[in-house]
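Residue numbers (this note's numbering): 1025 to 1219.
Structural data, given as structure tokens:
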């Protein structure tokens, strides 16, 4: 798999002014990240796909829409704490679009909150059947918050239906099983930082 080791692309500074789709394709590595990315060195070299921002580190783009990029043109794509803010039924086309633009053997790193975790379960509001209906910790100002509450079964269903499940390789690194036990595998942060 392709990896990023911190070499080969300098941190994106304001010298690029606003990044756009055309000059993005001229970069030696194209590393996309769903949403706004923090100004931290761990995210240097990534380009955020933001609903609201357009600057030296972000392109204003709704990830629910197709990416104006050629097939096999992106070195990595990361989505951290973003997909739970999109309706579950709308995610499969987004994931397939990510697969389309990624180079062969490139990495798509998906990180969502795991509602098998007791902390998330305890803080969330539930209906009379005990199903989570609202997580006050998942709210974003002027946004509806989490629209679904990821568990490993739903994530596996989604990814196994996708092009990644049909043609790629999927690794599940950290998650709670449906029986409450958990799995913790080593994360290679050279493929993308996760907070």
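The beta-carbon is built from N, C-alpha and C at its ideal position, and this holds for glycine as well.
- At least 9 Å separates the beta-carbon of residue 1069 from that of residue 1083.
- Pairing residue 1075 with residue 1134 gives a Cβ-Cβ distance that is not under 9 Å.
- Between the alpha carbons of residue 1188 and residue 1151 lies a distance of about 34 Å.
- Inclusion of residue 1066 and residue 1213 in the CB contact set at 9 Å is warranted, their separation being smaller than that value.
- Pairing residue 1172 with residue 1048, the inter-Cα distance amounts to about 32 Å.
- Taking a C-beta distance under 9 Å as the contact criterion, residue 1149 and residue 1160 qualify as a contact pair.
- Taking the C-beta atoms as reference points, residue 1115 is found no nearer than 9 Å to residue 1091.
- Under the criterion of beta carbons closer than 8 Å, residue 1140 and residue 1101 do not qualify as touching, at roughly 25 Å.
- The continuous stretches of alpha helix (DSSP H) do not include residue 1081, and DSSP gives it neither H nor E.
- Judged by DSSP secondary structure, residue 1206 falls within the beta strand (DSSP E) whose first and last residues are 1206-1208.
- The alpha-carbon of residue 1087 is positioned some 22 Å away from that of residue 1175.
- Residue 1173 carries a coil assignment under DSSP once its states are collapsed to helix, strand and coil.
- Contact check for residue 1198 against residue 1208 passes: the beta carbons are separated by less than 9 Å.
- The alpha carbon of residue 1206 has as its nearest neighbour, out of 1146, 1142, 1192, the alpha carbon of 1142.
- By the beta-carbon neighbour count (other beta carbons within 10 angstroms, threshold 16), residue 1108 is buried.
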